[in-house]
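Chains as they are written, first to last, in numbering that gives the first Met the number 0: chain A, 0 to 629; chain B, 0 to 109; chain C, 0 to 208. Reading through the structure tokens given below for one structure.
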Amino acid sequence: MSSYAQKQGVGAFLWDYLTTVDHKKIAHLYFIAGALFFVIGGLEAMMIRIQLMEPNNDFVSAGLFNEIITMHGTTMIFLAATPLLFAFMNAIVPLQIGARDVAFPFVNSLGFWLFLFGGIFLNLSWFLGGAPDAGWTSYASLSLESPGHGIDFYTLGLQISGFGTLMSGINFLVTIINMRAPGMTFMRMPLFTWTTFVASTLIVFAFTPLAVGLFFLTFDRLFGANFFDVAGGGNTIIYEHIFWIFGHPEVYILVLPAFGIFSEIFSTFSRKRLFGYSSMVFATVLIGFFGFMVWAHHMFTTGLGPIANAIFAVATMAIAVPTGIKIFNWLFTMWGGSVTFTTPMLYAVAFIPSFVMGGVTGVMQAAAPLDYQLHDSYFIVAHFHYVIVGGVVLALLAGTHFYWPKMFGTMLNEKLGKVTFWLFLIGFHLTFFIQHFLGLMGMPRRVFTFLPNQGWEAANLISTIGAFLMAVAVIILVINVIVTVVKNERVGNDPWEDGRTLEWAIASPPPYYNFKQTPLVRGLDPYWIEKMEGKKNLTPAEPLGDIHMPNSSFTPFMISLGLFIAAFGAMYQYDMKNDDVFANPAAIAVFIIGLAITFGSMMFRSAKDDHGYHIHKEELIDDLDKGGKA
Amino acid sequence: MSNEHLNSVNPNDIKYRRKKNAEEMKHQVITFALMIFLTLIAFVAVGYDGFSSWFTVPFILLLAAIQVAYQLYYFMHMSHKGHEMPAIFMFSGVFVAIITVIAFMTIIWW
Amino acid sequence: MHAEEKWTAETWPASPERQTLEAKNKFTGFWIFLGGETVLFATLFATYLALKDKVPSSDHMLAKDIFEMPLVFATTMILLTSSLTSVYAMYHMKNFQFKKMMLWLGITVVLGASFLALEIYEFNHYVHEFHHTFTSSAFASAFYTLTGFHGAHVAFGLCWILTLMIRNGKRGLDLYNAPKFYLASLYWHFIDVVWVFIFTVVYLMGMVG
């Protein structure tokens, strides 16, 4: 943080973050919010495992268990994993392409506040009558019948959150297309930027059907529509199709940026360029493309028929090919390189076998006949936790260590980091490996308890012990963070000493304008090129000049707040007891007020012209003289 | 037809640009006339009782697709230079759209 | 090049909607958004096709019973024409003719508002004549959601164009508002594209039976 920022009081500090449009600060916001939701999701996981520790347990009731499993999945996927990935994308991608911010800084901020208000709305359900309880997928027949407003918190909360994600997706796409530094062609972009690009494309095309599906569910539950109501001519399979047309690309939205983070880590800590760059790019695009053609493998047992099942089975297996290409390329990157086993590198090396295990069980499930046996069993639970935890969560933990200095200017403690790593890895495998066998032995998923003497007791107990190990690992990570923040030992621009890409060429954290002069990119791994020629800094592409910066604004917060308020109105206007739409005038008033705040704020934004401000080049020269890094 | 030349105060340039713009506008009006014509044919095809629905339905869908192509390429300038990225994203959207519609018309049973 | 410097017909650039970085970003971002909107309407169309004529009992009206040609023909002609008038507006913008651009945008808004008025009349007719309401059947829910989302987009587009006209009425053209007018006109063309599919798939196919 600049010396100016440290002189702020608490109020000014908070206001700065409430109104920021700086991608680096928005990254902090996503990181903290995502981490908080990760802890909440983790507590929900602990409660699941404690309940299932022994047969016929009564730690939680059946209804509460359903709410917990629903919220665990929903929170982890939508409110923890995605925002944490967005944190890294926001912090790093503009730096990697030599840009000074994203294409639409205001919309970037709006995306964050929409996500946060959506997530808060969803979690308020715990205190306002009960959380949603129809699974993170909220299938139509069950969710239509769910009493209370839990499901409405789900539909409205995720709808608001989803708008934010969609906006951020478009933002990253435009940034990467239009704002690359001179010399950075598409085929010179780092892999993390490429995976962000493909994942953002997936976001634009996958979150839209989700929004439609959520609208349909909202209309059916709160406004009397008949999309999924068989009595009215509706069809519940439509919901499943819409949900999984979103749901399958969603997992690639999660895993592709994770792959991107690992690509950066593998090349940095092998001191060697990424092996097979072109094939990595091609594989990423192929995975994104195929990701839209396999969704019905979540629906093999719904009766689509053998031809449909066969088509989707083959397509699903096909995705393993580009993924395998990536695995081999990572291994070949390490081969012959000078490898250092820092904490991020440990996570990366552990990711390879863990993710591959998850991947191969995926190919097993892709065989539709076998899936008839495995569907809705713990085998599936084991599979997706292996790919999500073994893929995405390991990447998030690795990225936390790897990008911490660039985001916060300090370094997390390596010793504590390695302790967290080992505890988490062992706990993860303990919890989920045994679940493959539980599934093969016939234990169904989403059950709040099981009967004794089926041979499931030991496995469930071991699974729970693993969960406790993971919890301890996370606690140690939190301690690591606290110790690092308190000690506040500042680091330089390239603390890992082997940075290859542009973000490592500027200060940690970068000045608010990122690059004093837009750099000239001379090839792949541009900072490495300069280093190999003995230069300390990047070659500039332009002379020193005035820099145009965007203004901060409180409007994104207001727009999001308005939708949050309106959601309450939309939910409570429906009288559940008497099946009466628009029954509650106070709720209708709240709905209108909320929308008025949102649209009023949007009009306010349109009415005043915001052209930003300029940093004059004299101020930039002063910064140089004071010894700040360029 | 891309109109991407440099700024200049040369009066000949503005005459040239005006002429080019007028030419393009003429093409737009022709496109519009074509669209009205296609729409009319579609309505007539449906109104006329002599055709079987096996002919009419694919026929009007084809007319719609042609009309949309005209809208995209002419009214929305997708034929101009600098529209490569927009074209990629629009076609990707159309790809996902087609898959979704086909799925809903084949693997939703009753 | 500052966005708000004073222009003349001679100095006005050839592609005013893409001259600044902000304009290029908005241009690219908007087309990507339209790609997303394509998928949005595709999902609504797909659902409509799956739920077409799905009603709880034979008391309910089906597509061939409700849709009539004259009204649909009128609304289609109006919306198609409004697309042409917005092209005229952009033509004048390219020629730096601010007043003529505003005139044609105004005509577009009037046509768009007429479209909406006719559609509201149409829905009112279905509700009172056939008891074809949003909640009466799956077919009805799907129909009203698809056409309703389209109508909402039309309404939003009208508000957008009107807001731009009011906000910039006294300013004349510059490189800050030219991209805004261009994007609003792109949006207007897109909702015409959607309408082409709606009148074909919903109304014409519905009347074929």
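C-beta: ideal position from N, C-alpha, C; glycine also. Everything numeric in this text was worked out from a predicted model, so none of it was measured.
- The DSSP assignment places 377-386, 393-407 as complete runs of the alpha helix (DSSP H) inside the segment 368-411 of chain A, in order along the chain (cut-off: 4 residues).
- With a cutoff of 8 Å on beta-carbon distance, P15 of chain C and A177 of chain C are scored as near each other.
- Within chain A, no residue has its beta carbon less than 7 Å from that of M24 of chain B; the closest one is some 29 Å off.
- With a contact defined as Cβ atoms closer than 8 Å, A90 of chain A and K405 of chain A qualify at about 7 Å.
- For L255 of chain A, the closest of A:V197, A:F58, A:V92 by C-alpha to C-alpha distance is A:V197.
- In the structure shown, M548 of chain A falls within a strand segment according to DSSP collapsed to helix, strand and coil.
- Near chain A, meaning a CB-to-CB distance below 8 Å, the residues of the segment 11-22 of chain C are L20.
- For I237 of chain A, the uninterrupted alpha helix (DSSP H) segment begins and ends at 235-268.
- Residue contact with chain B for L303 of chain A: present (Cβ-Cβ distance below 8 Å to some residue of chain B).
- When the five nearest sequence neighbours on each side are left out, the beta carbons in the same chain lying within less than 8 Å of the beta carbon of Y511 of chain A are those of S1, D21, K23, M548, in order along the chain.
- Beta-bridge partners of Y175 of chain C (DSSP): none assigned.
- In the three-state scheme derived from DSSP, where H, G and I count as helix and E and B as strand, H613 of chain A is classed as strand.
- Of all residues in the segment 225-252 of chain A, those with a C-beta nearer than 7 Å to a C-beta of chain B are N234, I236, I237, H240, I244, reading in chain order.
- For Y69 of chain B, the enclosing alpha helix (DSSP H) has its first and last residue at 52-69.
- In this structure, the alpha-carbon of P494 of chain A lies about 16 Å from that of S266 of chain A.
- Residue pairing from DSSP places P518 of chain A in a beta bridge opposite A:P539.
- About 11 Å separates the Cβ atoms of S136 of chain C and K51 of chain C, ruling out a contact at the 8 Å cut-off.
- Look at the segment 97-117 of chain A: the residues with a C-beta under 7 Å from a C-beta of chain C are A102, F103.
- Around the C-beta of E43 of chain A, 16 or more other C-beta atoms lie within 10 Å, and the residue is accordingly described as buried.
- In the structure shown, P443 of chain A falls within a strand segment according to DSSP collapsed to helix, strand and coil.
- Boundaries for W6 of chain C: no alpha helix (DSSP H) harbours it, and the DSSP string shows neither H nor E there.
- Between V108 of chain C and Y202 of chain C, the gap from beta carbon to beta carbon reaches 8 Å or more.
- Exposed is the label assigned to I119 of chain C, since fewer than 16 other Cβ atoms lie within 10 Å of its Cβ.
- At a beta-carbon threshold of 9 Å, the residues of chain B lying near M292 of chain A are I98, ordered along the chain.
- Straight across, the Cα-Cα distance linking W135 of chain A with F196 of chain C is about 34 Å.
- Leaving aside the five residues that flank H188 of chain C on each side, the residues in its chain whose CB is nearer than 6 Å to its CB run, in chain order, S82.
- I176, T200: these are the residues of the segment 176-202 of chain A whose beta carbon lies less than 8 Å from some beta carbon of chain B, given in chain order.
- Residue contact with chain B for F12 of chain A: absent (no Cβ-Cβ distance below 8 Å to any residue of chain B).
- In the pairwise beta carbon analysis, the segment 151-166 of chain C is classified as not touching the segment 42-50 of chain B: fewer than three pairs are separated by under 8 Å.
- Under the DSSP definition of a beta bridge, D493 of chain A lacks any partner.
- Following the DSSP letters along the chain, one finds F581 of chain A in no alpha helix (DSSP H), marked with neither H nor E.
- Spatial neighbours of T538 of chain A in its own chain (CB-CB distance under 8 Å, excluding positions within 5 residues in sequence) are listed in chain order as P518, L519, R521, E529.
- For V313 of chain A, the closest C-alpha among the options A:V293, A:F331, A:I505 is that of A:V293.
- Ranked by Cα distance from A588 of chain A, the first of A:A205, A:A569, A:L28 is A:A569.
- Any Cβ of chain B closer than 8 Å to the Cβ of A307 of chain A would place that residue at the interface, and such an atom is present.
- Relative to the Cα of P584 of chain A, the nearest Cα in the group A:A397, A:G232, A:L143, A:Y571 belongs to A:Y571.
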